[in-house]
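A.B. asks: Pasting a structure below so you can have a look.
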Amino acid sequence: MKKYNVATTISYPKKGAMGKTGSWRIFKPILDKAKCVKCLRCWIYCPEGTVIRNKDDTVDIDYDYCKGCGICANVCKVKAITMEREAKKK
Amino acid sequence: MTIMIDTGNYIAAKAAVMARPAVVPAYPITPQTTLVEGIANYVKSGEFKGEYICVESEHSAMCACIGASAAGVRTFTGTSSHGLLLMHEMLHWAALARLPVVMCNINRVIGPGWNIWPDENDSISQRDTGWIQFYCSSNQEIFDTVIQAFKLAENEKVLLPVMINYNAFILSHTSMPAEIPEQKEIDDYLQKYKPKWKLDVNNPITFGNIILPAAYEKIRKDMQNSSENAKKLIPEIAKEWKEKFGRYHGGLIEKYRCDGAEYILLAMGAIGAESKVAIDNLRKNGLKVGLARVRAFRPFPKEEILKLGKQADLIVIDRNISVGSEGALFSEVKAALYGKSDAKVYGFIAGLGGKDVPYTDIEIICKKSINGRVKECEWYNLEGV
Chain A
1 MKKYNVATTI SYPKKGAMGK TGSWRIFKPI LDKAKCVKCL RCWIYCPEGT VIRNKDDTVD
61 IDYDYCKGCG ICANVCKVKA ITMEREAKKK
Chain B
1001 MTIMIDTGNY IAAKAAVMAR PAVVPAYPIT PQTTLVEGIA NYVKSGEFKG EYICVESEHS
1061 AMCACIGASA AGVRTFTGTS SHGLLLMHEM LHWAALARLP VVMCNINRVI GPGWNIWPDE
1121 NDSISQRDTG WIQFYCSSNQ EIFDTVIQAF KLAENEKVLL PVMINYNAFI LSHTSMPAEI
1181 PEQKEIDDYL QKYKPKWKLD VNNPITFGNI ILPAAYEKIR KDMQNSSENA KKLIPEIAKE
1241 WKEKFGRYHG GLIEKYRCDG AEYILLAMGA IGAESKVAID NLRKNGLKVG LARVRAFRPF
1301 PKEEILKLGK QADLIVIDRN ISVGSEGALF SEVKAALYGK SDAKVYGFIA GLGGKDVPYT
1361 DIEIICKKSI NGRVKECEWY NLEGV
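Residue numbers (the numbering used here), protein chains in the order written: chain A, 1 to 90; chain B, 1001 to 1385.
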């Protein structure tokens, strides 16, 4: 990887450079694999790259880094992803 | 070399195109309009081969400059007054990102009180953005400074954006002859731009990420160091330009008849040019007055001004007002002398709202100062207050 010698804010790719951002999550995406039709819209739209595409085009969610934005649930055409609150209200 | 007789804006357009930027985002505003129109004419003639982007605002124009520059190409744009103010956030952004964007700003009054005439409050209010600021006093100087600006901004010891300021209408819309070198000479002088960092899909990086306090402070200090480097480079570039192209407009300041002067007048932009006539007349009358036209306001030439302050008393004309304080140049001149010189410094506010400042008025300003019949900071020839 090429590094630049300029005094400005350049950061280089590294997994979890900001720590485990999954701890920021308030709503958690829950995937119902039985409903999934492998269209991969969630994988395309996830802004954080936390939808993991498997070899057979099924998907999993990396909860270490998923911030719970809900875009995947929103773009899912078959409503296979639902957003659930992380901690229930008392 | 050819002689081009044209307006400041068309001559700036010629210079910009000869520097071969890859991207020129443009949003028109009076009195800058004919600058971007001039570049559009070169698109039509085929002389400008870069991307000309008609953006929807000045904020977008600066964003497009930043985006293109971050992708590793040379960029240029122009604006004026309210357009410059709308860019304000992105001016800081370009400087902190260390992107060598070059821009002309045609100094125009800020509204309300809608007014399109010359006044330097627009660019003075951007002085803390990290941009290098030049103030020009002739169309020839505009041409030469635009080319020199790319050389300066892209120097790896600088990497700061450069703003070339010149007065609305007095320069932007007035035709004067300017010597234009051949394209090959400009190409030899201004080598192809090699970015010091860039956004590249083959070498992915994140730019502008979160940064902790200690690291941020280092970035600011590096900008300050780079600006100090620019202070050394500006006179060197001006000297090299003189050797190559035979023209010289001064380094950080342009001195005129300062030898033996007991009073030195400091001014910027078109008033700086007009002052030469006043100095000639005062000298004819036996008054020992010289002129130091401040060409670079950022970085501020405090060492050179201190030298002047050790030689003479100083008279400062500001075509701007920092409301609640005084003229910006006046403040900075005094700060440069503080504790090191006993020179008297007289400040005048003149020509706000585009009010004409002829050499006759400049002579009166100098004579009043020499006679000591002035307040510390005076609004010259203010009507009806």
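We put the CB at the ideal spot given by N, CA and C, even for glycine.
#1: Looking at the strands, I want to know which residues DSSP matches up with A:Gly-47.
#2: Can you name the residues of chain A whose CB is closer than 9 Å to the CB of B:Pro-1204?
#3: Under 8 Å, do B:Val-1146 and B:Cys-1104 count as touching if we go by C-beta distance?
#4: If we define contact as Cβ-Cβ less than 8 Å, is B:Gly-1046 a contact residue for chain A?
#5: Three-state secondary structure (DSSP) at B:Thr-1145?
#6: Secondary structure at B:Phe-1169, three-state DSSP: helix, strand or coil?
#7: Can you round the beta-carbon distance between B:Val-1101 and B:Ser-1069 to whole angstroms, since I take them to be within the 8 Å contact cut?
#8: Can you name the residues of chain B whose CB is closer than 8 Å to the CB of A:Val-6?
#9: Given A:Cys-76, which residues of its chain have a CB within under 7 Å of its CB, disregarding the five upstream and five downstream residues?
#10: If we call anything under 8 Å between Cβ atoms a contact, is B:Lys-1384 one with B:Ile-1349?
#11: For A:Gly-16, which residues from the same chain have a beta carbon less than 8 Å from its beta carbon, with the 5 sequence-adjacent residues on both sides left out?
#12: Could you check whether the Cβ of A:Thr-21 sits closer than 8 Å to any Cβ belonging to chain B?
#13: Would A:Thr-9 count as contacting chain B if we go by Cβ distances under 8 Å?
#14: Counting along the chain, where does the alpha helix (DSSP H) carrying B:Met-1090 start and finish?
#15: Run the CB neighbour count on B:Cys-1054, radius 10 Å, all protein chains shown included, and call it buried at 16 or more, exposed below.
#16: In chain order, which beta strand (DSSP E) runs of at least 3 residues are fully inside the region 16-76 of chain A?
#17: One question on the structure: do B:Ser-1057 and B:Leu-1099 come within less than 8 Å of each other, judged by their Cβ atoms?
#18: Would DSSP call B:Ser-1125 helix, strand or coil?
#19: For B:Gly-1272, return the contacting residues in chain A, with the cut-off set at a CB-CB distance below 8 Å.
#20: Determine the contact status of B:Glu-1089 and B:Met-1268, defining contact as a CB-CB distance below 8 Å.
#21: Is there at least one Cβ from chain A nearer than 8 Å to B:Asn-1209's Cβ?
#22: Are the Cβ atoms of B:Thr-1079 and B:Ile-1003 separated by less than 8 Å?
#23: What span of residues does the beta strand (DSSP E) with B:Asp-1313 cover, start to end?
#24: So the alpha helix (DSSP H) B:Leu-1337 belongs to, where does it begin and stop?
#25: Using the beta-carbon of each residue, which ones in chain A are nearer than 8 Å to B:Lys-1014?
#26: Under a CB-based cut-off of 8 Å, is B:Ala-1253 close to chain A?
#27: Give a yes or no on whether the minimum CB-CB distance between B:Lys-1218 and chain A is below 8 Å.
#28: Label B:Thr-1129 either buried or exposed according to how many other C-beta atoms from any shown protein chain fall within 10 Å of its C-beta, with 16 as the threshold for buried.
#29: Indicate whether at least one CB of chain A lies closer than 8 Å to the CB of B:Asp-1122.
#30: Strictly under 8 Å for the Cβ-Cβ distance: is B:Asp-1222 near chain A by that measure?
#31: Tell me, please, which residues DSSP counts as bridged to B:Thr-1075.
#32: Quick one: is B:Ser-1045 buried, meaning 16 or more other Cβ sit within 10 Å of its Cβ, or exposed?
#33: Can you grab the Cα-Cα spacing for the pair B:Val-1374 / B:Tyr-1346, in whole Å?
#34: Could you check which residue in B:Asp-1222, B:Lys-1221, B:Leu-1252 and B:Gln-1224 has the C-alpha nearest to that of B:Glu-1236?
#35: Contact defined as beta carbons within less than 8 Å: I believe B:Asn-1209 pairs with A:Ser-11. What is the distance between those atoms, to the nearest angstrom?
C.D. replies: So, to answer that:
#1: Residue mapping note: residue 47 of chain A aligns to position 47 of the first sequence, counting from 1. A small correction: the amino acid at residue 47 of chain A is Pro; Gly does not occupy that position in the sequence shown. According to DSSP, which records beta bridges pairwise, A:Pro-47 is partnered with nothing at all.
#2: Counting from one through the second sequence, the residue named residue 1204 of chain B turns up at place 204. Residues of chain A passing the Cβ test: Met-1, Tyr-12 and Pro-13.
#3: Reading the second sequence from its first residue, position 146 is the one you call residue 1146 of chain B. Reading the second sequence from its first residue, position 104 is the one you call residue 1104 of chain B. Contact: yes.
#4: On the second sequence, residue 1046 of chain B is found 46 positions in, with the first residue counted as 1. With 8 Å as the cut-off, B:Gly-1046 does not count as an interface residue toward chain A.
#5: By 1-based counting over the second sequence, the position of residue 1145 of chain B is 145. Reduced to three states, the DSSP call for B:Thr-1145 is helix.
#6: Counting from 1 along the second sequence, the entry for residue 1169 of chain B is found at position 169. Shown here, B:Phe-1169 sits in coil according to DSSP, grouped into three states, outside any helix or strand.
#7: For this step, residue 1101 of chain B is matched to residue 101 along the second sequence. For this step, residue 1069 of chain B is matched to residue 69 along the second sequence. Right, their Cβ atoms sit about 5 Å apart.
#8: Taking the first residue of the first sequence as position 1, residue 6 of chain A is located at position 6. Within chain B, the residues near A:Val-6 are Arg-1098, Leu-1159, Lys-1196 and Trp-1197.
#9: Indexing the first sequence from 1 puts residue 76 of chain A at position 76. Only Arg-41 and Cys-42 meet the Cβ criterion.
#10: Within the second sequence, numbered from 1, the residue matching residue 1384 of chain B stands at position 384. Within the second sequence, numbered from 1, the residue matching residue 1349 of chain B stands at position 349. Checking the sequence shown, residue 1384 of chain B turns out to be Gly, not Lys. For B:Gly-1384 and B:Ile-1349, no; Cβs fall outside 8 Å.
#11: For this step, residue 16 of chain A is matched to residue 16 along the first sequence. Within the same chain, A:Gly-16 has close Cβ partners Asp-64 and Tyr-65.
#12: Here the question's residue 21 of chain A lines up with position 21 in the first sequence. Taking CB atoms only, A:Thr-21 has no neighbour in chain B less than 8 Å away.
#13: As a working note, residue 9 of chain A is residue 9 in the first sequence. A:Thr-9 belongs to the set of residues whose beta carbon lies under 8 Å from a beta carbon in chain B.
#14: Taking the second sequence and counting its residues from 1, the one referred to as residue 1090 of chain B is at position 90. Note, B:Met-1090: alpha helix (DSSP H), 1088-1096.
#15: Against the second sequence, residue 1054 of chain B aligns to sequence position 54. The residue is exposed, with fewer than 16 neighbouring Cβ atoms inside 10 Å.
#16: 27-31, 51-53 and 59-61
#17: Taking the second sequence and counting its residues from 1, the one referred to as residue 1057 of chain B is at position 57. Taking the second sequence and counting its residues from 1, the one referred to as residue 1099 of chain B is at position 99. No, the pair does not count as a contact, with Cβ atoms beyond the cut-off.
#18: In the second sequence, the residue the question calls residue 1125 of chain B occupies position 125. In this structure, B:Ser-1125 counts as coil in the three-state DSSP scheme.
#19: As a first step, residue 1272 of chain B must be located in the second sequence, where it is residue number 272. Here the premise fails: no neighbours, minimum Cβ distance about 34 Å.
#20: Residue 1089 of chain B sits at position 89 when you count from the first residue of the second sequence. Residue 1268 of chain B sits at position 268 when you count from the first residue of the second sequence. For B:Glu-1089 and B:Met-1268, no; Cβs fall outside 8 Å.
#21: The residue given as residue 1209 of chain B occupies position 209 in the second sequence. Cβ-Cβ to chain A under 8 Å: yes for B:Asn-1209.
#22: Translated into the one-based positions of the second sequence, residue 1079 of chain B becomes position 79. Translated into the one-based positions of the second sequence, residue 1003 of chain B becomes position 3. Not closer than 8 Å, so no.
#23: Here the question's residue 1313 of chain B lines up with position 313 in the second sequence. Note, B:Asp-1313: beta strand (DSSP E), 1313-1318.
#24: For the purposes of this step, residue 1337 of chain B is taken as the residue at position 337 of the second sequence. Judged by DSSP secondary structure, B:Leu-1337 falls within the alpha helix (DSSP H) whose first and last residues are 1328-1337.
#25: As a working mapping, residue 1014 of chain B is identified with position 14 in the second sequence. Those within 8 Å of B:Lys-1014 in chain A number zero; the least Cβ separation is about 31 Å.
#26: Residue 1253 of chain B sits at position 253 when you count from the first residue of the second sequence. The sequence shown places Ile at residue 1253 of chain B, not Ala. By this cut-off, B:Ile-1253 is not an interface position.
#27: By one-based count along the second sequence, residue 1218 of chain B stands at place 218. Yes, contact with chain A.
#28: Within the second sequence, numbered from 1, the residue matching residue 1129 of chain B stands at position 129. Label assigned to B:Thr-1129: buried.
#29: For this step, residue 1122 of chain B is matched to residue 122 along the second sequence. Cβ-Cβ to chain A under 8 Å: no for B:Asp-1122.
#30: By one-based count along the second sequence, residue 1222 of chain B stands at place 222. So, interface residue.
#31: The sequence position of residue 1075 of chain B within the second sequence is 75, counting from 1. B:Thr-1075 pairs with B:Val-1023.
#32: In the second sequence, the residue the question calls residue 1045 of chain B occupies position 45. Exposed, by the Cβ-count rule.
#33: In the second sequence, residue 1374 of chain B corresponds to position 374, counting from 1. In the second sequence, residue 1346 of chain B corresponds to position 346, counting from 1. Straight-line Cα distance between these residues: approximately 8 Å.
#34: Within the second sequence, the letter at position 236 stands for residue 1236 of chain B. Ranking B:Asp-1222, B:Lys-1221, B:Leu-1252 and B:Gln-1224 by Cα distance to B:Glu-1236 puts B:Leu-1252 first.
#35: Position 209 of the second sequence, counted from the start, is the residue given in the question as residue 1209 of chain B. Position 11 of the first sequence, counted from the start, is the residue given in the question as residue 11 of chain A. The Cβ separation is near 4 Å, so the contact holds.
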